[in-house]
Amino acid sequence: MINLKYILPWDIEQFVNHSFKPNCMSTPYEFEIAIKDIYPGEELTDDYAFCNEDEPFDCLPEEGIARTKVMPDDLLHFHPEWYLQLAEAMLYLKKVKQP
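Have a look at this one:
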């Protein structure tokens, strides 16, 4: 469910928080993949730009990151960088024990 102030996922995504430097990323294959090592107790994060929102929304500032707003066209601007992160993570898909 989406309202004008919050993204409220109903599935497992409810346990994933937003970050402009995420440790997980959505794939075109309808699953999330870790793009960095995630340690016990570390929160799962994803960039909410993957939600394809129609309206921009503000996010809390993050140290070392200039972005503070998710924009509807973020996918157009950041997809080359995100594609490289996904491609690198996919190389480890069969090398890392999967749940």
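Everything in the sequence shown is counted per the UniProt record's numbering, starting at 1 for the first residue and increasing by one.
Yeah, the Cβ is synthetic: ideal placement off N, Cα and C, and Gly gets one too.
Checklist entry - What runs of the beta strand (DSSP E), each 3 residues or longer, lie entirely inside the stretch 19-66? => result 24-26, 32-34 and 44-46
Checklist entry - With respect to the alpha helix (DSSP H) encompassing Gln85, which residues constitute its N-terminal and C-terminal limits? => result Asp74 to Met90
Checklist entry - Out of curiosity, what's the CA-to-CA distance linking Met1 and Cys24? => result In this predicted model, Met1 has a pLDDT of only 49, less than 50, meaning its place in the structure is not dependable enough to derive any value.
Item to check | Cβ shell of Glu62 (< 7 Å), same chain only, five flanking positions each side left out | outcome: Ser19, Phe20 and Lys21
Item to check | Spatial distance of Ile33 from Val96 (CA atoms) | outcome: 12 Å
Checklist entry - Do you know offhand how far Leu76's Cα is from Gly41's? => result 33 Å
Checklist entry - According to DSSP, which residues form a beta bridge with Val16? => result Leu44
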